[in-house]
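*Asks:*
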Amino acid sequence: MKDEQVRELLYQALETEIGGVDVYTTALRCAENDDLKEEWDKYLEQTKNHVTIMEETLRKLGLDPNEETPGRQVVRTIGEALVESMELALADGEPGQAQIVAAEAVVLAETKDHQNWHLLGEVVKNATGEQARIIKEAYEQVEDEEDEHLYHTKGWARELWIESLGMKAVLPPPEEVRDVDSAIGQAQAEQARKAMM
Ligand SMILES: [Fe+2]
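Residue numbers (my numbering): 1298 to 1494.
(1) Going straight from the alpha carbon of Arg-1373 to that of Gly-1316, what length do you get?
(2) Please go through the same chain and pick out, in chain order, the residues whose beta-carbon is closer than 6 angstroms to the beta-carbon of Arg-1490, but skip the five residues on each side of it.
(3) Determine whether the beta carbon atoms of Trp-1453 and Ala-1400 lie at a separation below 9 angstroms.
(4) Starting from Ser-1461, follow the alpha helix (DSSP H) in both directions and report where the run begins and ends.
(5) To which residues of the same chain is Glu-1440 closer than 7 angstroms at the C-beta, ignoring the five residues directly before and after it?
(6) What is the residue span of the alpha helix (DSSP H) that Arg-1356 lies within?
(7) Are there 16 or more other CB atoms within 10 angstroms of the CB of Ile-1432, so buried, or fewer, so exposed?
(8) Taking Val-1477 as part of the alpha helix (DSSP H), name the residues at either end of that continuous run.
(9) Quick one: residues in its chain with C-beta nearer than 7 angstroms to the C-beta of Leu-1387, no 5 flanking neighbours on either side, listed in chain order?
(10) Between which two residues does the alpha helix (DSSP H) containing Met-1383 stretch?
(11) Compute the Euclidean distance between the alpha carbons of Trp-1458 and Thr-1323, then round it to the nearest angstrom.
(12) Among Arg-1430, Asp-1410, Glu-1460, which has the Cα closest to the Cα of Glu-1445?
(13) Leaving out the 5 sequence neighbours to the left and right, which residues in its chain are closer than 8 angstroms to Lys-1334 when beta-carbon positions are compared?
(14) Please report the straight-line C-alpha distance between Leu-1416 and Thr-1354, rounded to a whole angstrom.
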């Protein structure tokens, strides 16, 4: 494996979690549905914990969590743009619209987050010794939560859009009701939504 790129992935994973805290903090100001607020409140707390876990992981690997990399700057810029998109929608003040923008912003942020952790899982499978042990410890604490963040919020984004289009929506979404934690489960939940109306 290319050590330098593994380091880059670790730094990007940290930066994604840091940006995630800002994304959820802003998304909560956009949320109107009480179930969604409760869900994002939980995800915000989990994401704050992921920042701590990533900082500790980097330190255990002998890396400085404050080190800047070009990739980190890219991740940070995208996170800031997602926050800005929600601020724009909030300023517009159209009821329900900022909530949808926020759900899409969370899906975009969590797609990157989810991929980071998937890749860290691949690194764990191929790394050896102390490095593998340290990254595995973080992976086991975080990975399940990342599945939930992505798949459940995808469901929210879809159903909130459907509701806004004047069609019958399933709220909370099937992904949340069925406690979906995989891509297959998400596809099945989407298929089952008609039966849940
Ligand atoms: Fe996440």
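For glycine and all other residues, C-beta sits at the position ideal for the given N, C-alpha and C.
All values derive from a computational prediction rather than experimental measurement.
*Replies:* So, from the data block:
(1) On the sequence shown, residue 1373 is found 76 positions in, with the first residue counted as 1. On the sequence shown, residue 1316 is found 19 positions in, with the first residue counted as 1. In a straight line, the C-alpha of Arg-1373 is about 6 angstroms away from that of Gly-1316.
(2) If you number the sequence shown from 1, residue 1490 lands on position 193. Here the set comprises Val-1467, Pro-1471.
(3) Position 156 of the sequence shown holds residue 1453. Position 103 of the sequence shown holds residue 1400. The answer is yes: Cβ separation under 9 angstroms.
(4) In the sequence shown, residue 1461 corresponds to position 164, counting from 1. From DSSP, the alpha helix (DSSP H) with Ser-1461 extends over 1426–1461.
(5) Taking the first residue of the sequence shown as 1, we reach residue 1440 at position 143. Correct list, in chain order: Trp-1414, Gly-1418.
(6) Counting from one through the sequence shown, the residue named residue 1356 turns up at place 59. Taken as a continuous stretch (DSSP letters only), the alpha helix (DSSP H) holding Arg-1356 covers 1331–1357.
(7) Taking the sequence shown and counting its residues from 1, one reaches residue 1432 at position 135. The residue in question, Ile-1432, is buried, as its Cβ has 16 or more Cβ neighbours within 10 Å.
(8) What you label residue 1477 is simply residue 180 of the sequence shown in a count that begins at 1. Counting along the chain, Val-1477 falls outside any alpha helix (DSSP H), and DSSP gives it neither H nor E.
(9) Sequence index remark: in the sequence shown, residue 1387 carries index 90 (1-based). For Leu-1387, where only same-chain residues beyond five positions count, the Cβ hits under 7 angstroms are Arg-1326, Cys-1327, Ala-1395.
(10) Numbered from 1 along the sequence shown, position 86 holds the residue referred to as residue 1383. First-last of the alpha helix (DSSP H) with Met-1383: 1367–1389.
(11) Within the sequence shown, numbered from 1, the residue matching residue 1458 stands at position 161. Within the sequence shown, numbered from 1, the residue matching residue 1323 stands at position 26. A direct Cα-Cα distance of roughly 19 angstroms separates Trp-1458 from Thr-1323.
(12) Residue 1445 sits at position 148 when you count from the first residue of the sequence shown. If we check each option's Cα against that of Glu-1445, Asp-1410 comes out closest.
(13) Taking the sequence shown and counting its residues from 1, the one referred to as residue 1334 is at position 37. Taken in chain order, the residues that qualify are Leu-1325, Ala-1328.
(14) In the sequence shown, the residue the question calls residue 1416 occupies position 119. In the sequence shown, the residue the question calls residue 1354 occupies position 57. When rounded, the distance between both Cα atoms is 15 angstroms.
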